[in-house]
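A.B. asks: Dumping the structure here so I can ask a few things about it.
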Amino acid sequence: MDKVVIAARAVADIADGASIAVGGFGLCGIPSTLIAALLTQGATDLRVVSNNCGVDGWGLGLLLEAGRISRMTSSYVGENKEFARQYLSGELEVELTPQGTLAERLRAGGAGIPAFYTATGVGTQVAEGGLPWRYGPDGAVRVASPAKEVRSFGGREYILEQAITTDFALVRAAVADRHGNAVFNGSAMNFNPLAAMAGRICVLEAERIVEPGQIAAASVQLPGVHVHRVVAATVTEKRIERRTVRPRPAAAPAMTAGTAGTAEPNAATTTDGN
Numbered sequence: 001m002d003k004v005v006i007a008a009r010a011v012a013d014i015a016d017g018a019s020i021a022v023g024g025f026g027l028c029g030i031p032s033t034l035i036a037a038l039l040t041q042g043a044t045d046l047r048v049v050s051n052n053c054g055v056d057g058w059g060l061g062l063l064l065e066a067g068r069i070s071r072m073t074s075s076y077v078g079e080n081k082e083f084a085r086q087y088l089s090g091e092l093e094v095e096l097t098p099q100g101t102l103a104e105r106l107r108a109g110g111a112g113i114p115a116f117y118t119a120t121g122v123g124t125q126v127a128e129g130g131l132p133w134r135y136g137p138d139g140a141v142r143v144a145s146p147a148k149e150v151r152s153f154g155g156r157e158y159i160l161e162q163a164i165t166t167d168f169a170l171v172r173a174a175v176a177d178r179h180g181n182a183v184f185n186g187s188a189m190n191f192n193p194l195a196a197m198a199g200r201i202c203v204l205e206a207e208r209i210v211e212p213g214q215i216a217a218a219s220v221q222l223p224g225v226h227v228h229r230v231v232a233a234t235v236t237e238k239r240i241e242r243r244t245v246r247p248r249p250a251a252a253p254a255m256t257a258g259t260a261g262t263a264e265p266n267a268a269t270t271t272d273g274n
């Protein structure tokens, strides 16, 4: 079954208030083409599950700045000033979840497992409740996380975490065939396959689309049975959250006959980290 469609059609039925699992790790492997299409489409009051919310002006940060996200379930939010502003002013509800727990909640949802026990968070507000989910304009906590069930297994305490399923999943692969079988690259593997499995309808954008059979069966990292629509990635720009540079060491003075010791060293330059 050929699942390739254009991006606008792929996101056309995402309604206001929809829940969406979005792949990516930092800015690696984010579905930029589908995010841009959803921004144009206009759906609002979105409830998004993703490791993070992009950065100011890029990734999910674009939807956030447009006021289209009402709730985020994330494990990391440290690179987005607008995210912090909306959260602290009460405009955005945020459920912070330990990263490994978030990954397993998505995987469990895709596998049909309703809940699971984990030791992560025992003895903290993750288990005891009280983490601020939503602030009021006055800075008071309006919605706080509930307490979770704690049980002992083998003399160790564990907390019950519920699986996550969403209405849609938006993910990005390096290569996919027209049936939706996909291969990811590097850190893009961290959340993309999990998000894809958790969505009732999965929309996958691929940097390269090949014919069925061109991906060896043993190389498939996400089977096409989980994917409902395939889109060619047209947003090709890739960014990093933070770039650190340092001056290059000054080059040794150039020496020429008769002018030993008089040449000026080359000016120091900086590297962009590539």
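Heads up: the sequence shown is residues 1 to 274, going by UniProt numbering.
The beta-carbon is built from N, C-alpha and C at its ideal position, and this holds for glycine as well.
Roughly how many whole angstroms lie between the Cα atoms of V11 and H228?
C.D. replies: What you label residue 11 is simply residue 11 of the sequence shown in a count that begins at 1. What you label residue 228 is simply residue 228 of the sequence shown in a count that begins at 1. Rounded to the nearest angstrom, the two C-alpha atoms are 12 Å apart.
A.B. asks: Leaving out the 5 sequence neighbours to the left and right, which residues in its chain are closer than 6 Å to H179 when beta-carbon positions are compared?
C.D. replies: Counting from one through the sequence shown, the residue named residue 179 turns up at place 179. P212, G224.
A.B. asks: In three-state DSSP terms, what is P98?
C.D. replies: If you number the sequence shown from 1, residue 98 lands on position 98. Of the three classes helix, strand and coil, the one that applies to P98 here is coil, per DSSP.
A.B. asks: State whether the region 192–202 contacts the region 21–29, with contact taken as three or more CB pairs (one from each stretch) at a distance under 8 Å.
C.D. replies: Judged by Cβ distances under 8 Å, the region 192–202 makes contact with the region 21–29, as three or more pairs qualify.
A.B. asks: Using DSSP with H/G/I as helix, E/B as strand and the rest coil, what is E264?
C.D. replies: Translated into positions along the sequence shown, residue 264 becomes position 264. Its pLDDT being 42, under 50, E264 is placed unreliably by the model, and the measurement read from it follows with that caveat. Here E264 sits in coil by DSSP.
A.B. asks: Within 10 angstroms of the Cβ of G17, are there 16 or more other Cβ atoms? Answer buried if so, exposed if not.
C.D. replies: Numbered from 1 along the sequence shown, position 17 holds the residue referred to as residue 17. G17 comes out exposed.
A.B. asks: Using the three-state DSSP reduction, which class does T33 fall into: helix, strand or coil?
C.D. replies: Here residue 33 is taken as the residue at index 33 of the sequence shown, counted from 1. Three-state DSSP puts T33 in a helix.
A.B. asks: Within this structure, are the beta carbons of R172 and L204 separated by less than 9 Å?
C.D. replies: Reading the sequence shown from its first residue, position 172 is the one you call residue 172. Reading the sequence shown from its first residue, position 204 is the one you call residue 204. In this structure, L204 lies closer than 9 Å to R172 by Cβ.
A.B. asks: By a C-beta neighbour count over all protein chains shown, 10 Å radius and 16 as the cutoff for buried, is A176 buried or exposed?
C.D. replies: Stepping through the sequence shown from its first residue, residue 176 is reached at position 176. A176 should be labelled buried.
A.B. asks: What is the C-beta distance between L134 and G90, in whole angstroms, given that I count them as a contact (C-beta under 8 Å)?
C.D. replies: Against the sequence shown, residue 134 aligns to sequence position 134. Against the sequence shown, residue 90 aligns to sequence position 90. In the sequence as displayed, the identity of residue 134 is Arg instead of Leu. Their Cβ separation, rounded to whole angstroms, is 6 Å, which keeps R134 and G90 in contact under 8 Å.
A.B. asks: Just to confirm before moving on: does the CB-CB distance between L38 and I14 stay below 9 Å?
C.D. replies: The residue labelled residue 38 in the question sits at position 38 within the sequence shown. The residue labelled residue 14 in the question sits at position 14 within the sequence shown. Yes, these two residues count as a Cβ contact at 9 Å.
A.B. asks: Confirm, please, whether the CB-CB distance from A7 to residue 302 is below 9 Å.
C.D. replies: The requested residue 302 is not part of the displayed model; the chain covers only 1 to 274.
A.B. asks: Pairing CB atoms from the region 46–54 with CB atoms from the region 74–85, are three or more of them under 8 Å?
C.D. replies: Contact holds: three or more Cβ-Cβ distances are below 8 Å.
A.B. asks: Helix, strand or coil for S89, going by three-state DSSP, please let me know.
C.D. replies: Residue mapping note: residue 89 aligns to position 89 of the sequence shown, counting from 1. Here S89 sits in helix by DSSP.
A.B. asks: Taking only runs that begin and end inside the region 124–157, name each unbroken beta strand (DSSP E) of 3 or more residues, in chain order.
C.D. replies: Those beta strand (DSSP E) runs which fall completely within the region 124–157 and span 3+ residues are 132–135, 141–144, 150–153.
A.B. asks: Provide the residue span of the alpha helix (DSSP H) that contains A10, from first to last.
C.D. replies: Position 10 of the sequence shown, counting from 1, holds the residue named residue 10. Run containing A10: 7–10, per the alpha helix (DSSP H) assignment.
A.B. asks: If you draw a straight line from the C-alpha of G129 to the C-alpha of R156, how long is it?
C.D. replies: Within the sequence shown, residue 129 is the residue found at index 129, counting from 1. Within the sequence shown, residue 156 is the residue found at index 156, counting from 1. Straight-line Cα distance between these residues: approximately 20 Å.
A.B. asks: Using three-state DSSP, classify L38 as helix, strand or coil.
C.D. replies: Counting from 1 along the sequence shown, the entry for residue 38 is found at position 38. It is helical.
A.B. asks: My parser needs the alpha helix (DSSP H) runs of 4 or more residues fully inside the region 170–249; what are they?
C.D. replies: Listed in chain order, they are 192–198.
A.B. asks: Please check the pair V183 and S219, which I expect to be a contact at CB under 8 Å, by giving their CB distance rounded to whole angstroms.
C.D. replies: Position 183 of the sequence shown, counted from the first residue, corresponds to residue 183. Position 219 of the sequence shown, counted from the first residue, corresponds to residue 219. About 6 Å separates the two Cβ atoms, so the contact holds.
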